[in-house]
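Take the sequence shown: its letter number 132 is residue 132 in the numbering used here, and every next letter is one higher. Report on one structure; see the data block that follows.
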Amino acid sequence: FAGYISQVLKNYTDHACDGEYVSLRCPHRTTISIQSSFYGRIVPSHQMCPSRYPHSYATLVKEDVACSVGTSLQKMLDECQDRRSCQFLVNSRLFGTDPCPGTGKYLIVWYKCRPNEYKSKVACEDDKLRLSCKKSMVIAIYSAIFGRTQGGSLECPYQTLGMPMI
Numbered sequence: 001f002a003g004y005i006s007q008v009l010k011n012y013t014d015h016a017c018d019g020e021y022v023s024l025r026c027p028h029r030t031t032i033s034i035q036s037s038f039y040g041r042i043v044p045s046h047q048m049c050p051s052r053y054p055h056s057y058a059t060l061v062k063e064d065v066a067c068s069v070g071t072s073l074q075k076m077l078d079e080c081q082d083r084r085s086c087q088f089l090v091n092s093r094l095f096g097t098d099p100c101p102g103t104g105k106y107l108i109v110w111y112k113c114r115p116n117e118y119k120s121k122v123a124c125e126d127d128k129l130r131l132s133c134k135k136s137m138v139i140a141i142y143s144a145i146f147g148r149t150q151g152g153s154l155e156c157p158y159q160t161l162g163m164p165m166i
């Protein structure tokens, strides 16, 4: 049980170079929750994903180390979000227009494994929230936010002193 909890609460990172497969996997009764993603190049190829071209050709082509694709996160959400596993070949066609042709790129994905079943609790400002569970059980907090949810919806009524609620 402790091993399962540590796998669920862990932050995962996976990466693959152009032409390689990336493979994301979560344990039984959990699904992939994409946290962030990057596709492009921000470090020279001698540090990550060396060029597959012969050395003489690689020296003729100026490598772009300020290259990224803005659609990376959305693409990872489309491909892997809420699945137990996903695998695909990394290449620029997957992400649409290539922002730096001739430069080898790589994908880095940060994700968590979210339990299929979980309980959600909300406490508004100045409220107290008490969490408890049965003996021999464990409370594992998967995520917590202060303010609005990721979708931007309000969980608590907005109220300021001296101002009427609208």
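From the three backbone atoms N, C-alpha and C, an ideal C-beta is built for every residue, glycine too. A quick note: this is a predicted structure, and the numbers were derived from the prediction, not measured.
For my contact list, residue 32 and residue 65 are in at a C-beta cut-off of 8 Å; report their separation, rounded to the angstrom. Not a contact, Cβ separation roughly 29 Å.
Would you identify the three-state DSSP class for residue 81, choosing helix, strand or coil? Three-state result, residue 81: coil.
Identify the continuous beta strand (DSSP E) that holds residue 11 and give its terminal residues. Looking at the DSSP string, the run of the beta strand (DSSP E) that includes residue 11 is 11-17.
Count the other CB atoms within 10 Å of the CB of residue 13; is the residue buried (16 or more) or exposed (fewer)? Label assigned to residue 13: exposed.
Using the Cβ count rule (16 or more neighbours within 10 Å means buried), how would you classify residue 122? Only exposed fits residue 122, as fewer than 16 other CB atoms lie within 10 angstroms of its CB.
Report yes or no: do three or more beta-carbon pairs, one from the stretch 66-76 and one from the stretch 94-109, lie closer than 8 Å? Proximity of the stretch 66-76 to the stretch 94-109 meets the contact definition, three or more beta-carbon pairs being nearer than 8 Å.
Name the residue from 156, 95, 144 whose alpha carbon lies nearest to the alpha carbon of residue 38. The candidate whose alpha carbon is nearest that of residue 38 is 95.
Provide the residue span of the beta strand (DSSP E) that contains residue 95, from first to last. From DSSP, residue 95 is part of no beta strand (DSSP E); its letter is neither H nor E.
Residue 21, buried or exposed, once every other Cβ within 10 Å from all chains shown has been counted against 16: Looking at its Cβ environment, which holds fewer than 16 other Cβ atoms inside 10 Å, residue 21 is exposed.
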